[in-house]
């Protein structure tokens with residue numbers, strides 16, 4: 494357990510940031526599931542719409558430093574490939 498005041502503060506700050514990161518990662522997982530569900534249903538228009546929303550959220554998370562840029566690029570690439578295969 495931390496004894497120094499600044500160390501105690503860092504623990505609180507880290508807990509807050511961890512919670513924020515978890516919330517955003519969870520939201521992105523939901524968006525990805527929505528895209529995959531639309532792909533499974535075979536509806537390309539809905540899948541494209543959901544894909545755009547997912548890409549937007551992934552980009553926001555990347556700009557906030559929650560995902561590394563290569564991780565974000567990989568996620569976007571895999572989703573885009575899956576939607577484009579539907580044709």
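Residue numbers (the numbering used here): 494 to 580. The beta-carbon is built from N, C-alpha and C at its ideal position, and this holds for glycine as well. Given the structure is predicted, the values throughout are model-derived calculations rather than measurements.
*Fully enclosed by the stretch 526 to 567, which alpha helix (DSSP H) runs are 4 residues long or longer?*
537 to 556
*Sort 532, 578, 575 and 560 by Cα distance to residue 515 and report the nearest one.*
For the purposes of this step, residue 515 is taken as the residue at position 22 of the chain shown. Checking every option, the nearest Cα to that of residue 515 belongs to 560.
*Using 8 Å as the threshold, is the stretch 519 to 531 in touch with the stretch 541 to 558, meaning 3 or more CB pairs across them?*
Short answer: they touch.
*Measure the CB-CB distance between residue 532 and residue 550 and report whether it falls below 7 Å.*
Position 39 of the chain shown holds residue 532. Position 57 of the chain shown holds residue 550. No; because the gap between Cβ atoms is not below 7 Å, this pair is not in contact.
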